[in-house]
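Shown next, in structure tokens, is the structure this report addresses.
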Amino acid sequence: PSAQPATQSTFAAPCNKSGINSGFVPISTNSTQFGQWTFTVDNTAPLWFFCAQMGHCEAGMVFAVN
Numbered sequence: 070p071s072a073q074p075a076t077q078s079t080f081a082a083p084c085n086k087s088g089i090n091s092g093f094v095p096i097s098t099n100s101t102q103f104g105q106w107t108f109t110v111d112n113t114a115p116l117w118f119f120c121a122q123m124g125h126c127e128a129g130m131v132f133a134v135n
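Start counting the sequence shown at 70; every next residue gets the next number (the numbering used here).
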């Protein structure tokens, strides 16, 4: 099993928490259904996120919305 927390950050510091966090969402090996986390995007500014699981952000597990 694994857990993938989506954690808000910034472009300048992509692996540092600076806002909302989904918490650890467990994912079972060979799973075909995955957890969901919902949040509201209420403006057009980019939102930056990373996986807070140890080593994942440093390996490039980051994304942006907007």
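All C-beta atoms in this analysis are idealised placements derived from N, C-alpha and C, irrespective of residue type, glycine included. Note that the coordinates shown come from a computational prediction; the quantities given were computed from them, not determined experimentally.
(1) Three-state secondary structure (DSSP) at valine 131?
(2) Looking only at C-alpha atoms, which of Phe119, Gly124, Ala72 and Met123 sits nearest to valine 133?
(3) Identify whether glutamine 102 lies in helix, strand or coil by the three-state DSSP scheme.
(4) Pull up the DSSP beta-bridge partners for cysteine 84, would you.
(5) DSSP three-state label for threonine 113, please.
Straight from the coordinates:
(1) Walking along the sequence shown from the start, residue 131 turns up at place 62. Strand.
(2) In the sequence shown, the residue the question calls residue 133 occupies position 64. The amino acid at residue 133 is misidentified as valine; the sequence shows alanine. Closest by alpha carbon: Phe119.
(3) Taking the sequence shown and counting its residues from 1, one reaches residue 102 at position 33. Glutamine 102: coil per DSSP, three-state reduction.
(4) In the sequence shown, the residue the question calls residue 84 occupies position 15. Paired residue(s): none; cysteine 84 is not in a bridge.
(5) As a working note, residue 113 is residue 44 in the sequence shown. Coil at threonine 113, not helix or strand.
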